[in-house]
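Residue numbers (our numbering): -12 to 330.
Here it is as structure tokens:
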């Protein structure tokens, strides 16, 4: 393996194994993240924070959380650089951490999940462990180091926690007899079923990457993160070219991991999941950020708007074996729920 290559980059066959330390530089953030931090005058402070909280290993509480979860959010990139997001499910313990630098996931996405063909030794992945009923979440970005018939292993490149803001509390229930229907390809204009799911969604997941090909530096990677709001917080706009989604970006940890990626590589993968029947909607979108203008007023508290023009996707009925209880909305939305909806 040549210097600077990710682990396994020279051994892409399933079942192969790769080893060796990751190459880490000193900077915890790349240029896209630093640009957005600088807009708020926070770049210097966050550089110091990032060097402390973004680790190349998982603290024990993070490892323990992953091992307690019945789900795992996964992001990967295809050969054109398009990120995709999916959710894996299994009995708690299907994710194991044999050591502080390793996660072993005891299942793999099955076709026609768009992430299925993207799991290769040496591929960068973004992982999110989210426990909705406690609102705990931890992120881990790394590299696939081993593939087996029913599992895969990821070596840590970045590990860090996120605050509980904007997470709706829910409890999962297994639906072992749920039947999956044939998937449907999505074009640039969304159909009624996809539009209806987005309109009633209070949660989505977004996959992003720091470039069309992710390198080995500490600040680079593929990422998957959570977005939450009241139903209708993602709005749809149609024009002659297809459908565009618009969503608010609200105050958070100001590290701008997702939006910083999109500054450098404006392609994202969105995942919507119907909590009642397990339907999954995977969308590929081309994004741009809006920092000002009267449109922001339609989302109280929004600091920016994220626009995503649909370029394709998949509708997968019944893809998840889980159903979820009705949401206990995050405290950040309590006041807004008491007010009449804006036009």
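We treat Cβ as the ideally placed atom computed from N, Cα and C, and that holds for glycine.
Asked                                                                                                                                          : Found
Simplified DSSP state of residue 277, which is helix, strand or coil                                                                           : strand
Top-ranked residue by Cα proximity to residue 295, from 123, 126, 194 and 201                                                                  : 194
Reference residue 248, options 137, 210, 177 and 84, closest by Cα                                                                             : 210
Counted within 10 angstroms of its Cβ, other Cβ atoms place residue 161 as buried (16 or more) or exposed                                      : exposed
Residue 105 burial status per 10 Å Cβ neighbour count (16 or more: buried)                                                                     : buried
Burial state of residue 92 (16 or more Cβ within 10 Å)                                                                                         : buried
Secondary structure of residue 141, DSSP reduced to three states                                                                               : strand
Same chain, Cβ closer than 6 angstroms to residue 277, five either side skipped, listed in chain order                                         : 292
The beta strand (DSSP E) enclosing residue 125, as first and last residue numbers                                                              : 123 to 135
Cβ distance (whole Å) where residue 72 is taken to contact residue 258 below 8 angstroms                                                       : 4 angstroms
Of the listed residues 289, 303 and 62, nearest to residue 212 (C-alpha basis)                                                                 : 62
Beta-carbon spacing of residue 196, residue 70 below 8 angstroms                                                                               : yes
contact_flag[the stretch 14 to 34, the stretch 226 to 242] where n(CB pairs < 8 angstroms) is 3 or more                                        : yes
Cβ pair residue 96, residue 75 closer than 8 angstroms                                                                                         : yes
Per-residue DSSP class, three states only, for residue 296                                                                                     : strand
Contact test: residue 258 Cβ vs the ligand FAD heavy atom, cutoff 7 angstroms                                                                  : Because no ligand of any kind appears in the structure shown, any question about the ligand FAD cannot be addressed here.
Contacts around residue 320, its chain only, beta-carbon distance under 6 angstroms, and the 5 residues preceding and following it disregarded : 217
Residues sharing a beta bridge with residue 149, DSSP                                                                                          : 124
Residue 86 (DSSP reduced to helix, strand or coil)                                                                                             : strand
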